[in-house]
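Written below as structure tokens is the structure these notes are about.
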Amino acid sequence: MRLARIVLALSAGLAMTAANQAATAVVPVDMNRLFRRDTAGSTAASDMQGFKGAILVKNGQATSCEIALMTNTYGFVAAACLDFIDTAGKMVNQSTVYEVAISSGGQGSYGSALVTRVTVNPNYDPKTFANNLAVVQYNSGGYSFVNYIASWRPDWSNLYFVRRGLGNAGSSAWNAPVVASYNATSDLADCARANRLFLANQSDLMCNRLSIPATNNASCSVPYGSVYGVNGANIAIAGLYSHSATYGQDGLCGAVGQLYNYYIVLENYVHWAMSVLSVRVPVYHSRIPEYTENMNPNYSMVNPQQPSDISGVQVFGGDLYHLKPADKDVSETVKTVTKLSGVAIAAIVLGVLLLLALLVFLYRRMQKGKLGAMNRVREWWLFGRRTNHDDHRDSRRPPTTLSFL
């Protein structure tokens, strides 16, 4: 009887252990928690109040570049927003001081953090803006938070395009975020005609003509800085601004209806970020059976071999306060917000004319000097040429006798 009780107790213990193991296997660590919105009466702007945003600051100056925060210690940023000491986009300028300015969701500040490490995607191409991403790591102090990456594009029933702005990099003043709810696909054909990178990578890039007036010049338009995917009550960041294409030579200031803005989708670069950080990146998806995860840490877009072969199209990206053209040909024609005034042009023309006059004066003086030297040589040859032999011969001649008879 006692033996039977022992057997029953062991059986019950084994069954409980098995049940606990099964429960652990069925309910893994939840990496899919994220901000949930009130679907009954929310708006795109109110939904964004639940998200901390961030702006990249360089050498104390705010940029237009938004950061896709993943946690309080790391996030994604467009690689074109960084400073490089080479043209291949491989060597980040270590003398530039980077900071991450973090908002509390609206116009309040959550503080700022000094960037301690920058890792550029090894497949980034500054000429085409392919794989235009980098991971920034920073020291956030004593607080912690998590922002999830939207990792399954078919989940998104709608998109929120967001533009955040820091009023002053040295203060805590944030502009209210501007949000546009948009999911139309009517611009895709024109987007593909304007940019070969988008034509070859429509699963890795989003594109539209949405823009808003620039805070520093209302006559110029700028794209949004980040994109959020909406899935019912769930919202997660899905993309960052990468680059723009425009017809004509006026860049952001004059391309009315002809400015195409491209946003890089983050989901395919999650495992690359994991390989950099050696931690699991928080992601969101709806866990439907069709979900497939890109686990390739070396993933790369298709990079077109001829980046600037579309006639009349200029491509630029990065910090919109200091535009970075895609290649040298474009950099000679892209115009930024700041243009030369008439006084500046007149000063340049006058300087060129004075330089030409100085060159003509120096040339004539040099020619005059050469002519004088030639005349002296000619006189010596005709009248002053005399040798020792001539002097010896003259000394043996009889003196000349003059007669007046």
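In mature numbering (1 follows the signal peptide of the UniProt record, and there is no 0), the protein residues as written are -19 to -1, 1 to 386.
Positions of the beta carbon are idealized from the N, C-alpha and C atoms, including for glycine.
Based on the DSSP secondary-structure assignment, which residues constitute the bridge partners of residue i?
i           : result
residue 155 : 147
residue 83  : 35 and 92
residue 106 : 111
residue 42  : 39
residue 187 : 244
residue 142 : 161 and 208
residue 118 : 55 and 98
residue 194 : 202
residue 49  : 57
residue 73  : 65
residue 127 : 52
Measure the beta-carbon distance from residue i to residue j and round it to whole angstroms, keeping in mind my assumption that it falls under 8 Å.
i           : j           : result
residue 219 : residue 131 : 4 Å
residue 155 : residue 256 : That pair is no contact at about 33 Å.
residue 161 : residue 142 : 5 Å
residue 111 : residue 284 : 4 Å
residue 272 : residue 217 : Not really, about 14 Å apart at Cβ, beyond 8 Å.
residue 163 : residue 191 : 6 Å
residue 189 : residue 282 : Wrong, their Cβ atoms sit about 19 Å apart, outside the cutoff.
residue 94  : residue 121 : 5 Å
residue 195 : residue 233 : 7 Å
Of the residues the options, which one's Cα is nearest the Cα of residue i?
i           : options               : result
residue 46  : 114, 29, 97 and 26    : 114
residue 79  : 342, 92 and 97        : 97
residue 64  : 50, 56 and 100        : 100
residue 69  : 140, 202 and 102      : 102
residue 92  : 163, 189, 54 and 73   : 54
residue 169 : 109, 239 and 334      : 239
residue 267 : 26, 194, 136 and 163  : 136
residue 49  : 109, 269 and 126      : 126
residue 265 : 247, 259, 281 and 258 : 247
residue 253 : 157, 56, 229 and 24   : 56
residue 412 : 58, 28 and 32         : As displayed, the chain neither begins before -19 nor continues past 386, which places residue 412 out of reach and without an answer.
residue 117 : 60, 331 and 182       : 60
residue 197 : 337, 302 and 167      : 302
residue 71  : 124, 304 and 104      : 104
residue 212 : 77, 140, 201 and 51   : 140
residue 124 : 250, 52 and 304       : 52
residue 242 : 134, 294 and 286      : 294
residue 109 : 346, 347, 94 and 291  : 291
residue 29  : 89, 336 and 44        : 89
residue 286 : 338, 66, 107 and 32   : 107
residue 201 : 342, 231 and 214      : 231
residue 387 : 262, 25, 250 and 228  : Shown here, the chain extends from -19 to 386; a query on residue 387 therefore has no answer.
residue 42  : 138, 25 and 62        : 62
residue 158 : 44, 133, 304 and 32   : 32
residue 134 : 27, 269 and 336       : 269
residue 27  : 214, 335, 334 and 339 : 214
Strictly under 8 Å for the Cβ-Cβ distance: is residue i near chain C by that measure?
i           : result
residue 342 : No chain C is part of this structure, which consists of one protein chain only.
Just checking residue i against the ligand PLP - is the residue's beta carbon closer than 7 Å to any of the ligand's heavy atoms?
i           : result
residue 267 : The ligand PLP is not among the ligands present in this structure, which contains no ligands whatsoever.
Cβ contact check for the segment 171 to 178 and the segment 200 to 212: 3 or more pairs under 8 Å: Touching, no.
Examine the Cβ distances between the segment 139 to 147 and the segment 26 to 41 and report whether three or more of them are shorter than 8 Å. yes
Hey, which unbroken runs of the beta strand (DSSP E) at 3 residues or more fall wholly within the segment 209 to 279? Correct list: 215 to 228 and 240 to 246.
Is the segment 219 to 235 touching the segment 270 to 283, taking contact as three or more C-beta pairs under 8 Å? no
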